[in-house]
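Numbering (the working numbering), first residue to last: 1 to 90.
All C-beta atoms in this analysis are idealised placements derived from N, C-alpha and C, irrespective of residue type, glycine included.
These numbers come from a predicted model, not from an experiment.
Note sheet for the following structure.
Printed below as a string of structure tokens:
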């Protein structure tokens, strides 16, 4: 089982997003807890991908057409650090 650690600002950010995004985020967390990041690849809707540039080393999953969750997997301890849930900048 995977442990999820959220940045302090996540709860504040989630108050500003639509209910649909919150529900998808909860489903994302359940998937990660049970199957880990590998399980995200099996669910097409999340479109999990690694990031480049300033966010190199982090990953992103789609919660809806605009919002993403940005996270990082730490070593062999099965820990996922959620950094941000925010609108994707195009």
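Taking C-beta to C-beta, are residue 80 and residue 28 nearer than 8 Å? Here residue 80 is taken as the residue at index 80 of the chain shown, counted from 1. Here residue 28 is taken as the residue at index 28 of the chain shown, counted from 1. No; because the gap between Cβ atoms is not below 8 Å, this pair is not in contact.
Where do the ends of the beta strand (DSSP E) carrying residue 60 lie? Along the chain shown, one-based indexing puts residue 60 at 60. From DSSP, the beta strand (DSSP E) with residue 60 extends over 59 to 62.
Backbone secondary structure at residue 43 - three-state DSSP: Looking up residue 43 in the chain shown gives position 43. In this structure, residue 43 counts as coil in the three-state DSSP scheme.
Please list, in chain order, all residues of the same chain as residue 14 whose beta carbon is under 6 Å from its beta carbon, the five residues on each side excluded. For this step, residue 14 is matched to residue 14 along the chain shown. Only 22 meet the Cβ criterion.
The alpha helix (DSSP H) spanning residue 11 covers which residue range? Working through the chain shown from its first residue, we reach residue 11 at position 11. Start and end: 10 to 14.
How is residue 38 classed by DSSP in three states: helix, strand or coil? Position 38 of the chain shown, counted from the start, is the residue given in the question as residue 38. Residue state, collapsed to three classes: helix.
Inter-residue CB distance, residue 101 and residue 51 (contact presumed, cutoff 8 Å): In this structure the chain extends from 1 to 90, so residue 101 is not present and cannot be described.
Beta strand (DSSP E) containing residue 79: first to last residue? Here residue 79 corresponds to residue number 79 of the chain shown, with the count starting at 1. Unbroken beta strand (DSSP E) run through residue 79: 79 to 87.
Tell me residue 72's beta-bridge partners as DSSP assigns them. As a position in the chain shown, residue 72 is number 72, starting the count at 1. Answer by DSSP bridge pairing, in chain order: 81.
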